[in-house]
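S.K.:
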Amino acid sequence: MKRTPLFDIHLRLGARMVEFGGYELPVQYTSILEEHHAVREAAGLFDVSHMGQIEFEGPDAIRAADGLFSRNLAGLEPGRVQYGLLCNENGGVVDDITCYRVAEQSAFWCVNASNIAKDWRWVLDHLESSSGVRNTSDETGLLALQGPASTAILTKVGSADAGALRGFRFARMEVAGCPALVSRTGYTGAGGFEIYLSNGDLPKVFETLLAEGAPLGLQPAGLGARDTLRLEAALPLYGCELDEETSPLAAGLERFLDLEAGAFIGADAILRDRDAGLESRLVGFALQERGVARAGCPVALEGKTIGRVTSGGPSPTLGKSIGLAYVPTEVSEPGSRFQVVVRERALQASVVETPFV
Amino acid sequence: MDFEIPDELHYSKDDEWILLEDDSVTIGVTDFAQQQLGDIVYVELPSVGDPVVVGEAFGVIESVKAVSDLLAPISGQVVAINKNLADQPEIINEECYGTGWIIKIKPSDADALDSLLDADSYRKIVSKRSA
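For the record, the sequence lines run as chains A and B.
Numbering follows the numbering used here, with no gaps: position 347 of the first sequence is 345.
Numbering follows the numbering used here, with no gaps: position 38 of the second sequence is 288.
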């Protein structure tokens, strides 16, 4: 297992470590619920350095990236970041990523840790020359500062006005005296920032943020809380809601697709899927009785299996179990009822609006 | 890591504690177990009157990320369940030896109690596993 430069600090903070995406990372420091509530009520700081980065320099590389990314990279202004997809020729999902336009001839992607090798291969296979692209995953550190107190905390340690940075924009600034690229993005639905750093600067920035943020309620937070938070925000996780066989239309991600014939790899297949109509859709549901829905649980209606839970668990904010599942479009409207089968018991569930909080 | 292991209780290798009373025994999970599990979010319990069989699951305890069986340390019949766990499963994290008790069993075989671990034996097991 690989380790981020913050490994020793995590241990010193009492973190329990787990394997994720080939990395040894904290699942929790104190308690998943406590860290989750801290993010919703104040702020949490996550080490997400395991995620990958691929850089594109020069017109050929930018053009190639545009041909793979589901949104209009060519038209994306410097200083803006977009969430979008990489798709395969069959219209399934290779990865879900964020794409940063740094300058006219410079962009980078932030990709899921579990897909770094695959995405890198995907880029190289679609380029004439590899001279304009670099896989900088191993050199790049990444922290996520999330929660309502994030702006106040970053203002204390940043060289620029963090409050001036609007959603899906980014800027270079110093954080704790170290050069950083800071974007107003995140994976929690709680608002906040993602902070790109060099590996060497990670310990200083992480510890300074924790020290300066503690009076404002900042706590270090691990992968356990990251997952409960993103589930409450109804954000997909690659490998659960998204994979090579899954249509982004079924996943409800049509607004992240610049759907024009030939606009990106997979666009044509997705257009055909759209014309054919969707048979199933990703929905958010809440259990109406006690129990916990988990990934893999069958979804049933009148005794027949009609779908499967892709992500599920307790919602710390709502105090009940929530989840995401692909179900037939006929039962995908909010208020639709079905059962989620947990250990052979059929628990009543209803489709609810997402995000859950 | 520090684990509370009260001397007056008995223990099973499955990290349960057993309090011997006149006609029944009270069962819960140990401090080591609740720390390993993390935040408890749901407990599935048998009904009063149900039989339990030594070594077999009598219920389920769920944390945020995981599901674990609760294994019966002895055979017998359920005479009481902790109803507070329905709405407040986190009591087990807060007070696993007190208000976090899980079920009471009337043992079917008094001799089975002899095979339970004492506090010192359980302490040795835990220190090996947490090393």
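Glycine included, each C-beta is placed from N, C-alpha and C at the ideal position.
Measure the CB-CB distance between A/V25 and A/V37 and report whether it falls below 7 angstroms.
M.R.: Going by C-beta atoms, A/V25 is not nearer than 7 angstroms to A/V37.
S.K.: Among A/G250, A/Q51, A/S181 and A/Y194, whose alpha-carbon lies nearest the alpha-carbon of A/V121?
M.R.: For the residues A/G250, A/Q51, A/S181 and A/Y194, the minimum Cα distance to A/V121 belongs to A/Q51.
S.K.: Should A/H124 go down as buried or exposed, given a rule of 16 or more other Cβ atoms within 10 Å for buried?
M.R.: Exposed, since its Cβ has fewer than 16 Cβ neighbours within 10 Å.
S.K.: Leaving out five residues on either side along the sequence, give the residues of the same chain with a beta carbon under 7 angstroms from the beta carbon of A/A293.
M.R.: So the qualifying residues of the chain are C238, V307, T308, S309 and G310.
S.K.: Spell out the partners DSSP gives A/M171 in its beta bridges.
M.R.: Answer is A/A178, bridged to A/M171.
S.K.: For A/S112 versus A/G19, is the C-beta distance shorter than 7 angstroms?
M.R.: Cβ distance < 7 angstroms, so A/S112 and A/G19 count as in contact.
S.K.: Using the Cα positions of A/R303 and A/L141, report the straight-line distance between them to the nearest angstrom.
M.R.: The sequence shown places Thr at residue 303 of chain A, rather than the Arg named in the question. Straight-line Cα distance between these residues: approximately 41 angstroms.
S.K.: Against chain A, with Cβ distances strictly below 7 angstroms, would B/Y292 count as a contact?
M.R.: Yes, because at least one Cβ of chain A sits closer than 7 angstroms to the Cβ of B/Y292.
S.K.: Looking only at its own chain, which residues have a Cβ that is under 8 angstroms from the Cβ of A/K0, when we skip the five neighbours before and after it?
M.R.: Contacts found: G20, Y21, E22 and H48.
S.K.: Under 7 angstroms, Cβ to Cβ, is there at least one residue of chain B near A/I320?
M.R.: Chain B, which has no Cβ nearer than 7 angstroms to the Cβ of A/I320, makes this no.
S.K.: Below 7 angstroms between beta carbons: does that hold for B/G278 and B/I352?
M.R.: Taking 7 angstroms as the Cβ cut-off, B/G278 and B/I352 qualify as a contacting pair.
S.K.: Give me the Cβ distance between A/D93 and A/V109, rounded to the nearest whole Å; I'm assuming they're in contact under 8 angstroms.
M.R.: Right, the Cβ-Cβ distance comes to about 6 angstroms (below 8 angstroms), so this counts as a contact.
S.K.: So which of A/W118, A/G333, A/Y236 and A/G222 has the shortest CA-CA distance to A/S348?
M.R.: A/S348 has its Cα closest to that of A/G333, out of A/W118, A/G333, A/Y236 and A/G222.
S.K.: How many angstroms separate the CA atom of A/A274 from the CA atom of B/P296?
M.R.: Rounded to whole angstroms, A/A274 to B/P296 spans 49 angstroms at the Cα level.
S.K.: What's the gap between the Cα of A/P213 and the Cα of A/E328?
M.R.: Computed Cα separation, rounded: 50 angstroms.
S.K.: By the criterion of Cβ-Cβ separation under 8 angstroms, what are the contact partners of A/D226 in chain B?
M.R.: Strictly speaking, residue 226 of chain A in this sequence is Thr, with Asp absent from that position. What A/T226 touches in chain B: V314.
S.K.: Along chain A, in chain order, which residues have C-beta atoms closer than 7 angstroms to that of B/D289?
M.R.: Going along chain A in sequence order, the residues near B/D289 (Cβ under 7 angstroms) are S29, I30 and L31.
S.K.: Once you ignore the five residues that flank A/S157 on each side, which residues in its own chain have a CB closer than 6 angstroms to its CB?
M.R.: So the qualifying residues of the chain are M171 and E172.
S.K.: Helix, strand or coil: how does DSSP classify B/V303 here?
M.R.: The answer is coil: DSSP assigns B/V303 none of H, G, I, E or B.
S.K.: Apart from the five residues on each side of it in sequence, which residues of its chain come closer than 6 angstroms, Cβ to Cβ, to A/L200?
M.R.: If we look at A/L200 and ignore the five residues flanking it on each side, its Cβ neighbours are P3, L4 and G139.
S.K.: Just how far apart, CA to CA, sit A/L345 and B/V303?
M.R.: In a straight line, the C-alpha of A/L345 is about 27 angstroms away from that of B/V303.
S.K.: Here's the rule: buried if 16 or more other CB atoms are within 10 angstroms of the residue's CB, otherwise exposed. What is A/R343?
M.R.: By the 10 Å Cβ count, A/R343 comes out exposed.
S.K.: Find the residues of chain A that neighbour B/A336, judging by a C-beta separation of less than 9 angstroms, and give them in chain order.
M.R.: Per Cβ cutoff of 9 angstroms: R288.
S.K.: By the DSSP assignment, the alpha helix (DSSP H) with A/A209 in it spans what residues?
M.R.: From DSSP, the alpha helix (DSSP H) with A/A209 extends over L200 to G211.
S.K.: Thinking just about the alpha-carbon of each residue, which of B/G309, B/L259, B/S274 and B/P301 is nearest to the one in B/D281?
M.R.: B/D281 has its Cα closest to that of B/L259, out of B/G309, B/L259, B/S274 and B/P301.
S.K.: Determine the closest residue to A/A115 out of A/L227, A/T96, A/R224 and A/R132, with distance taken between C-alpha atoms.
M.R.: Cα-wise, what sits closest to A/A115 is A/R132.
S.K.: If I follow the unbroken alpha helix (DSSP H) through B/D364, where does it start and stop?
M.R.: Note, B/D364: premise wrong, no alpha helix (DSSP H); not H, not E.
S.K.: Enumerated in chain order, which unbroken segments of the alpha helix (DSSP H) with a length of 4 residues or greater are wholly contained in the stretch 18 to 84 of chain A?
M.R.: Qualifying alpha helix (DSSP H) stretches, in chain order: 30 to 39 and 57 to 66.
S.K.: Under three-state DSSP, which class holds A/F166?
M.R.: Reduced to three states, the DSSP call for A/F166 is coil.
S.K.: Rounded to whole angstroms, what's the CA-CA distance from B/P301 to B/P323? Just pull it up for me.
M.R.: Spanning the two alpha carbons is a distance of roughly 13 angstroms.
S.K.: Along the stretch 299 to 315 of chain A, where does the CB come closer than 9 angstroms to a CB of chain B? Name the residues.
M.R.: Cβ contacts with chain B: G311, P312 and P314.
S.K.: Within the 7 angstroms Cβ cut-off, does A/G187 reach chain B?
M.R.: It does not: the Cβ of A/G187 has no partner Cβ on chain B nearer than 7 angstroms.
S.K.: For A/A26, go through chain B and note every residue whose CB falls closer than 8 angstroms to its CB, in chain order.
M.R.: In the sequence as displayed, the identity of residue 26 of chain A is Gln instead of Ala. Those within 8 angstroms of A/Q26 in chain B are G288.
S.K.: So which residues on chain B does A/L222 lean against when the C-beta distance must stay under 8 angstroms?
M.R.: Per the sequence shown, the amino acid found at residue 222 of chain A is Gly instead of Leu. Those are G288, V314 and K315, listed as they occur along chain B.
S.K.: Please name the residue or residues paired with B/P357 in a DSSP beta bridge.
M.R.: Paired residues: B/G326.
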